[in-house]
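Down below is the structure, laid out as structure tokens.
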Amino acid sequence: MCGIVGYIGKRQASAILVEGLSKLEYRGYDSAGVAIIDNNSIDVMKCKGRLANLEEKLKETPIEGTIGIGHTRWATHGEPSDLNSHPHSNEDGTISVVHNGIIENYIHLREWLTSKGYKFKSETDTEVIPHLVDYFYNGDLLDAVMKAVGKMEGSYAIGVICNSDPDKIVAVRKDSPMIVGLGENEFFIASDIPAVLNHTRDVYLLNDKEFVVLTKDGVKLFTEEKEEIRRDIYHVTWNADAAEKGGYEDFMLKEIHEQPKAIKDTMTSRIMPGKPITLDEIKITREELENINKIYVVACGTAYHAGIVGKYVIEKLSRIPVEVDIASEFRYRNPIIDKNTLMIVISQSGETADTLAALREAKNHGARVIAVTNVVGSSVSREADDVLYTWAGPEIAVASTKAYETQLVAMYIIALFFAENKKTLSKEELEDLKKEMLLLPEKAEECLKNKEIIQRYAAQTYTHKDMFFLGRGLDYAVAMEGSLKLKEISYIHSEAYAGGELKHGPIALIEKGTVVVALATQDELFEKMVSNVKEVTTRGAHVLGVTFEGNESIEKTVDSAIYLPRINPFFSPLLSVIPLQLFSYYVAVQKGCDVDKPRNLAKSVTVE
Ligand code: M6R
Numbered sequence: 060m061c062g063i064v065g066y067i068g069k070r071q072a073s074a075i076l077v078e079g080l081s082k083l084e085y086r087g088y089d090s091a092g093v094a095i096i097d098n099n100s101i102d103v104m105k106c107k108g109r110l111a112n113l114e115e116k117l118k119e120t121p122i123e124g125t126i127g128i129g130h131t132r133w134a135t136h137g138e139p140s141d142l143n144s145h146p147h148s149n150e151d152g153t154i155s156v157v158h159n160g161i162i163e164n165y166i167h168l169r170e171w172l173t174s175k176g177y178k179f180k181s182e183t184d185t186e187v188i189p190h191l192v193d194y195f196y197n198g199d200l201l202d203a204v205m206k207a208v209g210k211m212e213g214s215y216a217i218g219v220i221c222n223s224d225p226d227k228i229v230a231v232r233k234d235s236p237m238i239v240g241l242g243e244n245e246f247f248i249a250s251d252i253p254a255v256l257n258h259t260r261d262v263y264l265l266n267d268k269e270f271v272v273l274t275k276d277g278v279k280l281f282t283e284e285k286e287e288i289r290r291d292i293y294h295v296t297w298n299a300d301a302a303e304k305g306g307y308e309d310f311m312l313k314e315i316h317e318q319p320k321a322i323k324d325t326m327t328s329r330i331m332p333g334k335p336i337t338l339d340e341i342k343i344t345r346e347e348l349e350n351i352n353k354i355y356v357v358a359c360g361t362a363y364h365a366g367i368v369g370k371y372v373i374e375k376l377s378r379i380p381v382e383v384d385i386a387s388e389f390r391y392r393n394p395i396i397d398k399n400t401l402m403i404v405i406s407q408s409g410e411t412a413d414t415l416a417a418l419r420e421a422k423n424h425g426a427r428v429i430a431v432t433n434v435v436g437s438s439v440s441r442e443a444d445d446v447l448y449t450w451a452g453p454e455i456a457v458a459s460t461k462a463y464e465t466q467l468v469a470m471y472i473i474a475l476f477f478a479e480n481k482k483t484l485s486k487e488e489l490e491d492l493k494k495e496m497l498l499l500p501e502k503a504e505e506c507l508k509n510k511e512i513i514q515r516y517a518a519q520t521y522t523h524k525d526m527f528f529l530g531r532g533l534d535y536a537v538a539m540e541g542s543l544k545l546k547e548i549s550y551i552h553s554e555a556y557a558g559g560e561l562k563h564g565p566i567a568l569i570e571k572g573t574v575v576v577a578l579a580t581q582d583e584l585f586e587k588m589v590s591n592v593k594e595v596t597t598r599g600a601h602v603l604g605v606t607f608e609g610n611e612s613i614e615k616t617v618d619s620a621i622y623l624p625r626i627n628p629f630f631s632p633l634l635s636v637i638p639l640q641l642f643s644y645y646v647a648v649q650k651g652c653d654v655d656k657p658r659n660l661a662k663s664v665t666v667e
């Protein structure tokens, strides 16, 4: 999705804006631009393609000035092009705007503005904003932005500059992320914290419909009624290095290797041997929990796959029925919700539009909502009743790995918490599960040692056009995630099937040489899975098996095998996904793909 950076201070804005935008590249984009005020006039530079193109242009024709806004655009309305890139300006170039989100009533606004004599150059929804601000401008930029926003429907994070009000930036957000960075005599706006971390660790987290005015003297926040707001400073404690590659080839590989730590961090102070599970951020009472008769787990993409594992583990431990829904489907299917329904939304970014809409739908019907998210202060964290943060640290690669791993940890913690409070497990059973779970970081570390064999298998198979992932029970949930990862970063078509489902149709696709990755970690399903593998090998499939140490008998059936260190198979998803992530990664590298920024994908999908 789009990225926004704004700067006001004493230094040259151009380099600061470009550097800030580079920290937002993970959000996905297809063009970039800046607008800077110099000597009471606004200079705009923008172009299609990578940020490097913009940097090149700025080298050839530098823009001076200490106040500016910058943008990386991920096309929604209008193709990626120089003209459709942001910033967008009014007709005489005296007002410039960057925008993230979608103005849903832009056609109506465009017609209305056209009837007033305004002319449009681009195909974007955004271009209505500078014209609206122009229409309402009467010497006070904040006032004009407030009136313009009053006309707009949809989602937006906006930064505005105006050469008649040359010493300020005005910004506002609704349903799109924006933070304010507070430096020493310099101030920033940005879509995400990494964009300002080289300059400050103190930020304000903006809420929906809050306006900000940044001047060289400071920052003021206002309600839509223009009342000033007092906001506590949020001090960022994580390191700027956490958002850099740290010696790895790609962010994705780095993030795969960070998983043992991410698992540990997410369990820390929540799971302790001999102590009750501590979830300070979840306020649901034992009585409320007793009354819950149904749980919806709602999410998109990888987070949805974590939800499927969540269903297995919550139902198994707490005996509460769980339905898992894709967020974009949930909101339109008139789901049965009442005050005894609990919703758990899972979202790495906490800004996914469909997930947020599902959360709102559930709340409107009186359900209680727990958010599992990785981003402090994100929209889902603020709108949910309870929050369980996953402490994965910033995830930069578009393909989610460590965030998924910590989402799984969160689902297991929630399942244990419910079981403890509902007393569906004995103290001994609970204690055994907690002890086993605390072993996960070191077991995950061991899984990373399998790299060479996976790399070899990837080198043998990367030219294939189709691959299949098979599993039963928890393994099936992980197979879905393995298949998504492969598609996302290597562009190889792949499908995940429940082992027993194969013979009901998909087996027709198996032919000599077809690549199949088969997971067999569930003891009670092991023999059945071996039979499913035989069904494909007899038809010529080339199979990579993933199972626990001690199951070496699998070698009689598969072509290669990866062994996971032994743990209670109930926790196997946290380990078995690691070889699948590495497999996708090495296949994509062999194919020469841009692993961290796969084509057509955005890290944070803030439009429907
Ligand atoms: O930020 P979210 O967890 O809400 O994002 C949900 C999906 O868009 C995300 O998991 C997507 O599927 C990733 N590209 C997966 O690698």
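Residue numbers (the numbering used here): 60 to 667.
Beta carbons are placed, not taken as given, at the ideal position from N, Cα and C, and that holds for glycine.
Since the model is a prediction, treat every value here as computed from it, not as a measurement.
If you measure between the beta carbons of residue i and residue j, is that distance less than 9 Å?
i, j, result
"Val383", "Val404", "no"
"Ile126", "Pro225", "yes"
"Asn480", "Arg290", "no"
"Gly306", "Ile63", "no"
"Lys544", "Leu639", "yes"
"Gln318", "Leu507", "yes"
"Ile228", "Ile238", "no"
"Val576", "Phe528", "yes"
"Pro685", "Ala462", "Within the shown structure, residues of the chain are numbered from 60 to 667, placing residue 685 beyond reach of any answer."
"Ile188", "His147", "yes"
"Ile512", "Ser631", "no"
"Ala254", "Gly240", "yes"
"Lys268", "Lys304", "no"
"Ile569", "Val646", "no"
"Ala456", "Ser440", "no"
"Ser663", "Thr411", "yes"
"Ser235", "Tyr215", "yes"
"Leu172", "Ile128", "no"
"Ala358", "Asp397", "no"
"Ala365", "Glu540", "yes"
"Asp251", "His294", "no"
Taking 7 Å as the limit between beta carbons, can you name the residues of its chain near residue i, skipping five residues before and five after?
i, result
"Arg531", "Ala557, Gly558, Gly559, Gln581, Leu584, Lys587 and Met588"
"Arg329", "Ile336, Thr337, Leu338 and Ile472"
"Glu594", "Leu561, Lys562 and Ile566"
"Val648", "Val654"
Throw me the rounded Cβ distance for the residue i and residue j pair, which I believe falls under 8 Å.
i, j, result
"Val537", "Leu578", "6 Å"
"Leu633", "Ile315", "In fact, because the Cβ distance is near 13 Å, the residues do not count as touching under 8 Å."
"Thr135", "Ile166", "Not confirmed; about 14 Å, so no contact."
"Ile354", "Leu401", "5 Å"
"Glu349", "Arg390", "Glu349 to Arg390, Cβ: 28 Å. No contact."
"Asp89", "Lys107", "7 Å"
"Tyr363", "Ile385", "6 Å"
"Ser377", "Gly409", "Rounded, the Cβ-Cβ distance is 25 Å, inconsistent with contact."
"Ile395", "Glu245", "That belief does not hold up - the Cβ atoms of Ile395 and Glu245 are roughly 52 Å apart, past 8 Å."
"Asp444", "Val428", "5 Å"
"Leu117", "Ser81", "In fact, because the Cβ distance is near 13 Å, the residues do not count as touching under 8 Å."
"Lys210", "Leu142", "24 Å between Cβ atoms; not a contact."
Please list, in chain order, all residues of the same chain as residue i whose beta carbon is under 8 Å from its beta carbon, the five residues on each side excluded.
i, result
"Gly564", "none"
"Leu497", "Met326, Ile330 and Pro332"
"Val192", "Asn149, Ile154, Val156, Leu200, Ala203, Val204, Ala207, Val219 and Cys221"
Pull the bridge partners of residue i from the DSSP assignment, please.
i, result
"Ile128", "Gly65 and Ala94"
"Lys279", "Val272"
"Ile429", "Ile403 and Asp445"
"Met526", "Ser553 and Val574"
"Met104", "Val93"
"His424", "None; His424 has no bridge partner."
"Ile161", "Ser214"
"Cys681", "This structure leaves residue 681 out entirely; the chain is present only between 60 and 667."
"His294", "Asp261"
"Phe246", "Ile67 and Leu241"
"Phe607", "Leu623"
Can you tell me whether residue i sits near the ligand SAH, meaning its C-beta is under 8 Å from at least one heavy atom of the ligand?
i, result
"Ala647", "With respect to the ligand SAH, the structure shown offers nothing to examine, as its ligands consist of the ligand M6R."
Counting only the same chain and skipping the five closest in sequence on each side, list residues whose C-beta sits under 6 Å from that of residue i.
i, result
"Asn164", "Glu212"
"Ser140", "Lys107"
Per the contact definition of three or more C-beta pairs closer than 8 Å, is the region 441 to 459 in contact with the region 615 to 626? no
Taking three-plus beta-carbon pairs below 8 Å as touching, is the region 112 to 131 in contact with the region 65 to 76? yes
Evaluate the contact criterion for the region 174 to 183 versus the region 203 to 210: three or more CB pairs, one atom per stretch, below 8 Å. no
Three or more C-beta pairs below 8 Å linking the region 484 to 496 and the region 603 to 617: no
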